[in-house]
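Trainee:
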Amino acid sequence: MKRRPASISRAAWFEAAHHLAECKDGQGYTHMHGHSFLVKLTVTGVPDGPNGWVEDLANLKAALDMVRSTLDHACLNDIEGLQKPSLERLCAWIAAKAQPALPGLSAVEVSRPSLNESCTLNLS
Numbered sequence: 000m001k002r003r004p005a006s007i008s009r010a011a012w013f014e015a016a017h018h019l020a021e022c023k024d025g026q027g028y029t030h031m032h033g034h035s036f037l038v039k040l041t042v043t044g045v046p047d048g049p050n051g052w053v054e055d056l057a058n059l060k061a062a063l064d065m066v067r068s069t070l071d072h073a074c075l076n077d078i079e080g081l082q083k084p085s086l087e088r089l090c091a092w093i094a095a096k097a098q099p100a101l102p103g104l105s106a107v108e109v110s111r112p113s114l115n116e117s118c119t120l121n122l123s
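Numbering of the sequence shown is given in our numbering, commencing with residue 0 and proceeding in unit increments.
1. Looking only at its own chain, which residues have a Cβ that is under 6 Å from the Cβ of asparagine 59, when we skip the five neighbours before and after it?
2. The alpha helix (DSSP H) spanning leucine 86 covers which residue range?
3. Let me know the secondary structure DSSP gives lysine 83 once reduced to three states.
4. Using a Cβ-Cβ cut-off of 8 Å (strictly less than) and excluding sequence neighbours within five positions of glycine 33, which residues of its own chain qualify?
5. My parser needs the alpha helix (DSSP H) runs of 4 or more residues fully inside the region 20 to 70; what are they?
See the structure below:
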């Protein structure tokens, strides 16, 4: 049987506030406001080892917990590297923090489900 790559994902919620000062007045983005965010980390690789895993899901949980410890109930604008916290920049920031612990990290998705908005940063 040919060994094929597989992807596994784990997600976690966090609550955070932000504002986007660069936006035009009247869009509502310039005022401080908050969201419920859902972040999903995906690791891709060939299942290997005695368990046939791509990655231990506990490692994904640990990476998510590390990210959440900084972002949850924070003002994103106050975090180094997120002074202009768009979804795209948030994905890149999370990827930079999670990738050292997850070398097979292939995608980071950040969504605001109540607004039907999301961004996916593909790393592979």
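Every residue, glycine too, gets a C-beta built ideally from N, C-alpha and C.
All figures in this text were calculated on a predicted structure; none of them were measured in a lab.
Mentor: In short:
1. Locating residue 59 in the sequence shown gives position 60, counting from the first residue. The sequence as given places leucine at residue 59; asparagine does not occur at that position. Arg9 and Leu40, listed in sequence order.
2. Counting from one through the sequence shown, the residue named residue 86 turns up at place 87. 86 to 97 is the extent of the alpha helix (DSSP H) around leucine 86.
3. The count along the sequence shown starts at 1 and reaches residue 83 at position 84. In the three-state DSSP reduction, lysine 83 falls in the coil class, being neither helix nor strand.
4. For the purposes of this step, residue 33 is identified with residue 34 of the sequence shown, where counting begins at 1. Non-local beta-carbon contacts of glycine 33 in its own chain, meaning distances under 8 Å to residues more than five positions away in sequence, involve Glu14, Ala15, Ala16 and His17 in chain order.
5. Segments of the alpha helix (DSSP H) lying fully in the region 20 to 70: 56 to 70.
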